[in-house]
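Following: one structure in structure tokens, then a few remarks.
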Amino acid sequence: MGEAGSVKHNIRMELPPAVERMLEALDEAGIEAYLVGGCVRDHLLGLTPKDYDIAAAAPPERTGEALERAGCRVYPTGIRHGTVTAVLDGLAVELTAYRADGEYADHRHPGSVRFVSDIKQDVLRRDFTCNALAYHPQKGLVDHVGGLEDLRAGLLRCVGEPEARFEEDALRILRALRFSAALGFAIEKKTAEALIRKAPLLHGIARERVSAELQGLVCGKAAPEVLTHFPGVLACCLPGLEAATEADFAAMAERLRALPPEPVLRLCPLVRLCGPRAEEALQALRLSARQEGALRLLLEEGDDLIEDMPALRRTLGRCGEERTRLLLLWQGGRALPLLREALEKGLCCSVHELHIRGGDLAALGLAGPAIGRTLNALLELVIRDEVPNKRESLLAAARELGGKDDGTQ
Ligand code: ATP
Ligand code: MG
8 MGEAGSVKHN IRMELPPAVE RMLEALDEAG IEAYLVGGCV RDHLLGLTPK DYDIAAAAPP
68 ERTGEALERA GCRVYPTGIR HGTVTAVLDG LAVELTAYRA DGEYADHRHP GSVRFVSDIK
128 QDVLRRDFTC NALAYHPQKG LVDHVGGLED LRAGLLRCVG EPEARFEEDA LRILRALRFS
188 AALGFAIEKK TAEALIRKAP LLHGIARERV SAELQGLVCG KAAPEVLTHF PGVLACCLPG
248 LEAATEADFA AMAERLRALP PEPVLRLCPL VRLCGPRAEE ALQALRLSAR QEGALRLLLE
308 EGDDLIEDMP ALRRTLGRCG EERTRLLLLW QGGRALPLLR EALEKGLCCS VHELHIRGGD
368 LAALGLAGPA IGRTLNALLE LVIRDEVPNK RESLLAAARE LGGKDDGTQ
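The working numbering puts the first residue of the sequence shown at 8, with every later residue one more than the last.
This is the structure in structure tokens:
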């Protein structure tokens, strides 16, 4: 045991050389610093950290100067919160001054930020015990919250009093579900009870933040279990879920299991579960235009199975490769070889790919809407392999069609 409440462990963490050098530079400048948060957690779980965060016992300006002297590029990415981003060998690391958050104003943002000199205070403001571990190559692992034990037991537990922590920042409710789903951790009993009780606070959280957490949550390996365990929490995130039954949730989870972990695919069963309020739910997700378009396609056409090459080509021409791929994955992936074949062979799927132009049809005497109609009719013939996509063949087919085009649909 080290100082009161803290446990030091002789754990060795293999670090990227750039991170080692940053920590050395801080040591040389006399600034105490530790790696903190997700990178320590992921390393201990045998996962590759997505990114590295450092907490430092100095104001961001001083930290930044020490790192610049060591050859880093330093960007003032959040000076007000004590954060700078340092880049070395192409690796970006966030460095934040040890902080203790003040009163929380709106169930999300601390009204004030207090810089402190003790790593202990810094880890105590963090959300979950597995996210509150600190590591330094020479000092080892510092654990003030029993994080290592929880991590080994696969338990997600709030640092401190769960109800108070969720009241401070209600987004932590969804972070808990996301980490539980992503890591396959059980949620400790008091933490679980508190997050259920405090879930209505999620109504006051920015939709974009809720959506980002939901997207992470549905892609987690234990998402089906987490979603079925906390239907009330989800009902505070998406309108319409409050009307779904336990059986509906179970069916949704089953559907989720069969889908690869891609946010649009995994969100679809959840949005469907919103029933008559699905459109409202879709809006609430604040997706990018790209994601929203793809999700709409799944909702509207997901049940129309694509089983043959003509159907595949029509969809590919209309929706593009990315959406078509998602639609096929949603449908179980059986038609993916058709997509591969169509792309490999460069099969014509849209009027733009026809080897004939509107101008060619005008030269045949067609005008106005008849041109578009004929191009579409030609495309359909090409897609059904009835006419090759060759200029002469298409012109011949257009002449034949032109004779039939009497201006009606
Ligand atoms: P991920 O792998 O998803 O990035 P992470 O643990 O790195 O996981 P971040 O959101 O990047 O999560 O946050 C970094 C660290 O900051 C967390 O590990 C946690 O210690 C702390 N933290 C982040 N958000 C909160 C919050 N809302 N309340 C308290 N602590 C938080
Ligand atoms: Mg992170």
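Backbone N, C-alpha and C define an ideal beta-carbon position, used for all residues, glycine too.
Quiz item: Do residue 300 and residue 390 come within 9 angstroms of each other at the CB atom, strictly closer than that value?
Solution: For the purposes of this step, residue 390 is taken as the residue at position 383 of the sequence shown. For the purposes of this step, residue 300 is taken as the residue at position 293 of the sequence shown. Cβ distance not < 9 angstroms, so residue 390 and residue 300 don't count as in contact.
Practice problem: Tell me where the beta strand (DSSP E) around residue 120 begins and ends. | Solution: For this step, residue 120 is matched to residue 113 along the sequence shown. Looking at the DSSP string, the run of the beta strand (DSSP E) that includes residue 120 is 120-122.
Practice problem: On a CA-only basis, which of 399, 234, 355 and 19 is nearest residue 383? Give me that one, please. | Solution: As a position in the sequence shown, residue 383 is number 376, starting the count at 1. For the residues 399, 234, 355 and 19, the minimum Cα distance to residue 383 belongs to 355.
Self-check item: Inter-residue Cα distance where the pair is residue 69 and residue 57
Solution: As a position in the sequence shown, residue 69 is number 62, starting the count at 1. As a position in the sequence shown, residue 57 is number 50, starting the count at 1. Near 26 angstroms, if we compare the C-alpha coordinates of residue 57 and residue 69.
Quiz item: Hey, which residues come within less than 7 angstroms of the ligand SAM, measuring from Cβ to any heavy atom, in chain order?
Solution: No copy of the ligand SAM occurs in the structure displayed; its ligands are the ligand ATP and the ligand MG alone.
Self-check item: Beta-bridge pairing of residue 427 - partner residues as DSSP gives them
Solution: Residue numbering for the chain in the displayed model covers 8 to 416; residue 427 lies beyond these limits and cannot be assessed.
Exercise. Quick one: measure Cβ to Cβ for residue 94 and residue 26, integer angstroms, because I've assumed they're closer than 8 angstroms.
Key: Indexing the sequence shown from 1 puts residue 94 at position 87. Indexing the sequence shown from 1 puts residue 26 at position 19. Cβ-Cβ separation between residue 94 and residue 26: approximately 12 angstroms, too far for a contact (criterion under 8 angstroms).
Quiz prompt | Euclidean distance between Cα positions of residue 435 and residue 122 | solution = This structure cannot speak to residue 435, because the chain is shown only from 8 to 416.
Quiz item: Start and end of the alpha helix (DSSP H) containing residue 418?
Solution: Since the first and last residues shown for the chain are 8 and 416, residue 418 lies out of range.
Quiz item: Whose CA, out of 174, 179 and 152, lies closest to the CA of residue 166?
Solution: Here residue 166 is taken as the residue at index 159 of the sequence shown, counted from 1. Of the candidates 174, 179 and 152, 152 places its Cα closest to the Cα of residue 166.
Quiz item: Within 9 angstroms (strictly less), CB to CB, does residue 91 reach chain C?
Solution: The structure shown contains no chain C, having only a single protein chain.
Quiz item: Is the closest heavy atom of the ligand ATP to the C-beta of residue 171 under 8 angstroms?
Solution: Locating residue 171 in the sequence shown gives position 164, where the first residue counts as 1. It does not: the Cβ of residue 171 is nowhere closer than 8 angstroms to a heavy atom of the ligand ATP.
Exercise. My understanding is that residue 161 touches residue 193, with C-beta atoms under 8 angstroms, so please give their C-beta distance in whole angstroms.
Key: The residue given as residue 161 occupies position 154 in the sequence shown. The residue given as residue 193 occupies position 186 in the sequence shown. With 8 angstroms as the limit, residue 161 and residue 193 qualify as a contact, their Cβ atoms being about 6 angstroms apart.
Quiz item: Do three or more CB pairs link the region 364-371 to the region 328-346 at distances below 8 angstroms?
Solution: Flag = no, the region 364-371 and the region 328-346 do not touch.
Quiz item: Which of the three DSSP states, helix, strand or coil, is assigned to residue 293?
Solution: Within the sequence shown, residue 293 is the residue found at index 286, counting from 1. It is coil, neither helix nor strand.
Quiz prompt | Exposure label - residue 21; buried when at least 16 CB within 10 Å | solution = Residue mapping note: residue 21 aligns to position 14 of the sequence shown, counting from 1. Taking a 10 Å sphere around the C-beta of residue 21, we find fewer than 16 other C-beta atoms and assign the residue as exposed.
Exercise. Please report the residue range of the beta strand (DSSP E) in which residue 114 lies.
Key: As a position in the sequence shown, residue 114 is number 107, starting the count at 1. Note, residue 114: premise wrong, no beta strand (DSSP E); not H, not E.
Quiz prompt | Residue nearest to residue 202 in terms of C-alpha spacing, selected from 190, 183, 216 and 218 | solution = Your numbering for residue 202 matches position 195 in the sequence shown. Taking only the C-alpha atoms, the option nearest residue 202 is 183.
Self-check item: Residues near residue 266 in its chain [Cβ-Cβ closer than 6 angstroms; skip 5 each side]
Solution: Taking the first residue of the sequence shown as 1, we reach residue 266 at position 259. Only residues of its own chain outside the window of five on either side were considered, and among them 272 and 273 have a CB closer than 6 angstroms to the CB of residue 266, listed in chain order.
Quiz prompt | Coarse secondary structure for residue 1, derived from DSSP in three states | solution = The first residue shown for the chain is 8 and the last is 416, placing residue 1 beyond what the model contains.
Quiz item: Does DSSP put residue 282 in a helix, in a strand, or in coil?
Solution: For the purposes of this step, residue 282 is taken as the residue at position 275 of the sequence shown. Per DSSP, reduced to three states, the secondary structure at residue 282 is helical.
Quiz prompt | Counterpart residues of residue 143 in DSSP-defined beta bridges | solution = For the purposes of this step, residue 143 is taken as residue 136 along the sequence shown, with counting starting at 1. DSSP lists 147 as partners of residue 143.
Practice problem: Along the alpha helix (DSSP H) that carries residue 47, what are the first and last residues, could you check? | Solution: As a position in the sequence shown, residue 47 is number 40, starting the count at 1. Looking at the DSSP string, the run of the alpha helix (DSSP H) that includes residue 47 is 45-51.
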